[in-house]
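So the sequence shown is residues -20 to -1, 1 to 533, counted in mature numbering (1 follows the signal peptide of the UniProt record, and there is no 0).
Using N, Cα and C, we set each Cβ at its ideal position, and we do this for glycine too.
Predicted, not measured: the structure shown is a model, and the values here were computed from it.
Data first, discussion second: the structure below is written as structure tokens.
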Amino acid sequence: MMQKYLFLILICFSLIPVHAQLSELQSQKIDSLFKSWNDANHPGGAIGIMQNGKIIYSKAFGLASIEYQVPNTTKTIFNTGSVSKQFTAMGIVLLHERGLLSVDDDIRKYLPDMPDFGHVITIRHMLHHTSGMRSLHAMLGLAGWRDDDSRTNEDLYRFMLKQKELNFIPGDEFLYCNTGYMLMVNIIESVTKEKFPQWMISNIFKPLGMVNTYVEDRYDRIVPNNATSYYGANNDFFRAVEYWGYVGSGNVHSTTGDLLTWLQNFNTPSTSWSSAFEMLQTTDPLNDGSENAYAFGVSTDEVRGHKRIQHGGAIGGFRAYSSTYPEEQLCIAVLTNYSSTNPSSIERNIAHIILKTKPNVTTEITKPKIPNNDISYTLEQLTGKYEIQSGVILNISIKNDSLHVLQEWNKSEYNMYNTNNNTYQMPKVDAIQLVFSELKDNETQVLSIYQNGSKTEAKRYTLANLARINIDDYIGRFYSPELESTLDIILKEDTLIGHHGRHGDFPLEILGKDALNIVNFGSIDVVRDTKNIITGIRISNGRARNVWFLKQK
């Protein structure tokens, strides 16, 4: 349910309404965005655009099934991935409006078996991704589950019952977490006494006229008119099976037409739905008063004074993006069965083609505010690893005389090109730039990521001087009661290795006496007793922090 590139952001312009029709030139420009999808034996997708309540563009490209040479059509059904979250949120909102629950209720009111974490977690926290709960994918990965293992809501619930700790105090941070949206399914079923897929059809999809939309709780079900998803390139494609059979956070299947019907309700809902769609746009500050732009299953923001409501999704080889600009009465739905597609970029390009810029607003894309500099470094001085957050590492190298970036957590890689001295840019994404700084020992120490005025710093990731460290101290077996999983740290050919029964061997890096990293698995904080003896380790891998593994005797 992650996008291909870590730094990808969604850009939209301030816009003014235009006539609800496209010129021939506009249609041709939009068609050109999907030129590669019409190559022989190539997956593709469907695109729908609505303005002022009228569909002004509805086309499909590429194949829904490469094996059987079935083309995508405007009626083809796709998995929408995390676009599904807004539908789950609507289920909660309807029950809130009917007085059957409150979004401010403690989740343990409906899920009494859930652990007491010492802090109240409300449904509102889960809607906003501020619950502090660990993410399912991160937990299952540490527990030994592979990406192609089948997993269900029942699997998640069993894991949650064993959890003892949170990532953070509820409300302190925003951290995207599928777990909360899956648990909302349990809450809806507990309150309604109905199965979630059936309840969603009778209470949301059918009343709104979304006749081709449903919740899929089995990855192996055969449903007519569903696309197959793919990954690969250059006519060498592979089926990407969505083994994840959970619901709530994903796995709503739909068409572009149905999504446009849904999106239009953010703009001009009927009287009976008006308050519900308004409530979906609710945002609340974090505990410290800072802003959290994630509402109930959708992200909301203002771009040069104009409101935008949007969400993306990814699962298997499916990619999805839905957006609406209420002031412009514009809705855009992009669904694709090809994993290399960037639907948010497609939506942005469509917006550029259709909409005029608001008067007195510059047409220039907002550039990151990068400090002026006249310092230039060699490529060799930039190479190395930089840690964005615990366990999230970028590996910078030189490839074909260009700066090359490898995302170690998912193996995505791409080249960057130099724009000005120590500044580098992703091709075709000029709102995202990397700036290297602070030269020490002939190596830059800081990588600053600028995106539309915001800045994230990554520090150079360096290994410790092993001469002062006894590596034998780390050797042993470590067990997590929360995950029912074992990790071995072993010595292999004079090198420390992390070993998991299902994942195999991982290179282990020593960053300091009590700081390790197992590549592609997680960062490790070593815990010692008063006698300086290692008693356990805490592993973090992004959306699951400080998971305790006790050293076995």
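Query: Please report the straight-line C-alpha distance between Asn500 and Glu388, rounded to a whole angstrom.; Result: 6 Å
Query: Measuring straight from C-alpha to C-alpha, what distance separates Asn21 and Ala220?; Result: 16 Å
Query: Check whether the stretch 230 to 239 touches the stretch 295 to 314, taking contact to mean three or more Cβ pairs, one atom from each stretch, closer than 8 Å.; Result: yes
Query: Helix or strand or just coil, what does DSSP make of His384?; Result: strand
Query: In its own chain, which residues sit with a C-beta less than 8 Å from the C-beta of Leu530, not counting the 5 before and 5 after it?; Result: Phe458, Tyr459, Ser460, Pro461, Thr515 and Gly516
Query: Report the residue ranges of all alpha helix (DSSP H) runs contained in full by the stretch 98 to 160; include only those spanning at least 4 residues, in chain order.; Result: 103 to 108, 116 to 123 and 133 to 142
Query: Just to confirm the assignment, what range does the alpha helix (DSSP H) spanning Met259 have?; Result: Thr251 to Leu260
Query: So Asn402 and Ser417 are in contact, right, with Cβ under 8 Å, and what is the actual spacing, rounded?; Result: 7 Å
Query: Look at Ile451 and Leu476 and say whether their C-beta atoms are less than 8 Å apart.; Result: yes
Query: Can you list, in chain order, the residues of its chain whose CB lies under 7 Å from that of Ala246, leaving out five sequence neighbours each side?; Result: Residue 246 is actually Phe in this sequence, not Ala. Answer for Phe246: Phe257, Ile289, Thr304 and Pro306, listed in chain order.
Query: Helix, strand or coil: how does DSSP classify Ser302 here?; Result: strand
Query: Per DSSP, Leu419 forms a beta bridge with which residues?; Result: Thr424
Query: First and last residue of the alpha helix (DSSP H) that includes Asp11?; Result: Glu4 to Ser12
Query: Excluding sequence positions up to five away, which residues of its chain have a Cβ less than 7 Å from the Cβ of Ser356?; Result: Asn401 and Asn402
Query: Using C-beta distances below 7 Å, list every residue in its chain close to Val195, excluding the 5 sequence neighbours before and after it, in chain order.; Result: Phe176, Pro177, Met180, Val227, Asn231 and Val232
Query: Which of the three DSSP states is assigned to Asn395 in this structure?; Result: strand
Query: Would you list the one or two residues that DSSP bridges to Trp224?; Result: Arg131
Query: Beta strand (DSSP E) containing Val507: first to last residue?; Result: Gly502 to Arg508
Query: In three-state DSSP terms, what is Asn183?; Result: helix
Query: How would you label Asn158, buried or exposed, when you count the other beta carbons within 10 angstroms and need 16 or more for buried?; Result: buried
Query: Note the first and the last residue of the continuous beta strand (DSSP E) segment covering Ile490.; Result: Gly484 to Gly492
Query: Taking the runs of the beta strand (DSSP E) that are 3 residues or longer, which of them lie wholly in the stretch 2 to 69?; Result: 25 to 31, 34 to 41 and 43 to 45
Query: With DSSP collapsed to three states, give me the class of Ile202.; Result: coil
Query: What are the start and end residues of the alpha helix (DSSP H) that includes Gln244?; Result: Thr236 to Asn247
Query: By DSSP's criteria, Asp468 is part of a beta bridge. Which residues make up the other side?; Result: Arg457 and His479
Query: Excluding five sequence neighbours on each side, which residues of the same chain lie with their C-beta closer than 6 Å to the C-beta of Phe139?; Result: Met119
Query: Can you grab the Cα-Cα spacing for the pair Lys15 / Tyr37, in whole Å?; Result: 16 Å
Query: Of the residues Ile27, Arg198 and Gln532, which one's Cα is nearest the Cα of Gly456?; Result: Gln532
Query: Does the beta-carbon of Asn205 have 16 or more other beta-carbons within 10 angstroms, so that it is buried, or is it exposed?; Result: exposed
Query: Which of helix, strand or coil does DSSP assign to Thr172?; Result: helix
Query: Got a sec? Which residues, its chain only, sit under 6 Å from Ala44 by beta carbon, not counting five neighbours each side?; Result: Val50, Asn52, Thr56 and Ala207
Query: If you follow the alpha helix (DSSP H) that Ser325 is in, where does it begin and where does it stop?; Result: Pro323 to Ile334
Query: Can you have a look at Lys65 and say buried or exposed, based on whether 16 or more other CB atoms are within 10 angstroms of its CB?; Result: buried
Query: Counting along the chain, where does the beta strand (DSSP E) carrying Leu310 start and finish?; Result: Leu310 to Thr316
Query: When you compare only the Cα positions, how much space is there between Arg328 and Gly484?; Result: 41 Å
Query: Determine the DSSP secondary structure at Asp281, reduced to helix, strand or coil.; Result: strand
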